[in-house]
Amino acid sequence: MYTIGEFAAYGRVSARMLRHYDAIGLLTPARVDAITGYRRYESSQLSDLTRIVDLRGFGCSLDDAAEVLSSGDRDAATRAILARRREDLAVSIAADTARLALIDARLSRLEGARTMNRITYTSLPAVTVYAASGIAPGGGPDNVSPVVDRILPPLLHSLQESGVDFREPGIFWYEPVEGSDDLRVRVSWIAAGDPVEHPAWEVVTLPEVVHAAVFDYRGDMRGIGDAWQEFMSGLAEAGVTMTGAGREVYLESEPLPQSHWLTQLQQPILRLPSKH
1 MYTIGEFAAY
11 GRVSARMLRH
21 YDAIGLLTPA
31 RVDAITGYRR
41 YESSQLSDLT
51 RIVDLRGFGC
61 SLDDAAEVLS
71 SGDRDAATRA
81 ILARRREDLA
91 VSIAADTARL
101 ALIDARLSRL
111 EGARTMNRIT
121 YTSLPAVTVY
131 AASGIAPGGG
141 PDNVSPVVDR
151 ILPPLLHSLQ
161 ESGVDFREPG
171 IFWYEPVEGS
181 DDLRVRVSWI
191 AAGDPVEHPA
201 WEVVTLPEVV
211 HAAVFDYRGD
221 MRGIGDAWQE
231 FMSGLAEAGV
241 TMTGAGREVY
251 LESEPLPQSH
261 WLTQLQQPIL
271 RLPSKH
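First residue of the sequence shown? That's 1 in UniProt numbering, and the numbers climb one at a time after it.
Here's what the structure looks like:
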């Protein structure tokens with residue numbers, strides 16, 4: 001039998017870790033001296049310890065290790081645990097890769113022209129659109145994107161099937177729902193010619209905007225929230241007062257890959273900044 005120090009050395013763990021495994025019932029000593037409290041381990045327990053160490057090295061939890069050790073078929077249990085861990089890692093890597101791309105994009109913009117230099121000011125003519133809407137439980141891509149994915153395809157299908165005359169670009173805008181954290185999401189295409197009423201859409205006229213700030217964003221939709229943040233920060237720095245709902249105008253989109261899309265962010269403002 002091995003002392004706790006010997007067993008720890010062979011298993012490449014600390015004696016403190018073995019005491020922890022004992023305390024939680026994961027790997028208990030084969031014998032504990034009733035007088036001294038010294039722990040002793042058998043050679044056969046080394047395979048249990050190495051399996052625990054392996055699983056921990058793959059980022060598996062102690063609960064995962066306990067599940068394997070208590071299984072009648074440890075190899076099958078290990079395969080199942082590792083397959084599950086692999087799926088978790090794949091999801092995590094994808095999320096981190098997306099965040100890395102956003103960070104790179106932000107660094108690139110920070111190293112280039114200042115945001116205020118990328119904001120332009122203009123007026124926006126009134127425009128009539130065919131729109132569909134849905135409710136998101138808040139702002140940000142995580143809340144808004146699922147709503148867009150739900151309402152956009154049926155609207156486009158209905159417009160195409162009806163034969164109504166409509167044209168690009170697509171225009172999206174967002175309105176807070178009074179008394180809640182919800183956001184009404186509206187997606188639309190421009191009505192060409194006299195607008196036609198239909199149960200599948202709303203005919204909406206977006207009013208003329210005398211003063212609007214404009215910010216162009218090129219990239220996929222994962223970065224649209226970051227682009228809005230940069231836009232809003234630039235407007236705050238310029239000291240302008242915003243009024244009304246902001247718009248996203250998809251100047252260049254499908255069939256281009258999203259990384260090449262050009263989206264114009266438009267925000268109505270009360271008046272032009274003094275230094276404009």
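Quick reminder that beta carbons are idealized off the backbone N, C-alpha and C, glycines included.
The model shown is predicted, which means the values in this text are computed figures rather than measured ones.
Asked                                                                                                                                                             : Found
By Cβ distance below 6 Å, which residues in the same chain neighbour I4 in space, the five residues on each side in sequence not counted?                         : A15, L18 and R39
In chain order, what residues of the same chain have a beta carbon less than 8 Å from the beta carbon of W261, not counting five sequence neighbours either side? : R218, G219, D220, M221, Y250, E252 and S253
Got a sec, what are the start and stop residues for the beta strand (DSSP E) I171 sits in?                                                                        : F166 to P176
Which residues mark the beginning and the end of the beta strand (DSSP E) in which A200 is found?                                                                 : Where A200 is concerned, there is no enclosing beta strand (DSSP E), given that its DSSP letter is neither H nor E.
Report the option in G37, F7 and A34 whose CA atom is closest to the CA atom of L27.                                                                              : F7
Just reading off the alpha helix (DSSP H) that D149 is part of, what are its end residues?                                                                        : P141 to S162
Where does L242 sit, in a helix, a strand or coil, going by DSSP?                                                                                                 : The identity of residue 242 in the sequence shown is Met, whereas the question assumes Leu. Strand, per DSSP.
Our contact map puts A132 next to I151 with C-beta atoms below 8 Å; I'd like the distance itself, whole angstroms only.                                           : 5 Å
Taking contact to mean 3 or more Cβ pairs, one atom from each stretch, closer than 8 Å, check whether the segment 168-179 and the segment 85-104 are in contact.  : no
State the Cα-Cα distance for the pair P153 and T50, rounded to the nearest angstrom.                                                                              : 53 Å
Where do the ends of the beta strand (DSSP E) carrying D216 lie?                                                                                                  : V209 to R218
Measuring only the C-alpha atoms, how far is P146 from R186?                                                                                                      : 13 Å
Rounded to the nearest angstrom, what separates R247 and D88 at their Cα positions?                                                                               : 36 Å
Tell me whether the beta-carbon of G223 lies closer than 8 Å to the beta-carbon of I119.                                                                          : no
Buried or exposed: which applies to T97, given that a residue is buried once 16 or more other Cβ atoms fall within 10 Å of its Cβ?                                : exposed
Since I believe Q266 is in contact with L156 (beta carbons under 8 Å), could you give me their beta-carbon distance rounded to a whole number of angstroms?       : L156 to Q266, Cβ: 22 Å. No contact.
Where do the N-terminal and C-terminal ends of the beta strand (DSSP E) with T122 fall, by residue?                                                               : T120 to L124
Please classify V210: is it buried, with 16 or more other beta-carbons within 10 angstroms of its beta-carbon, or exposed?                                        : exposed
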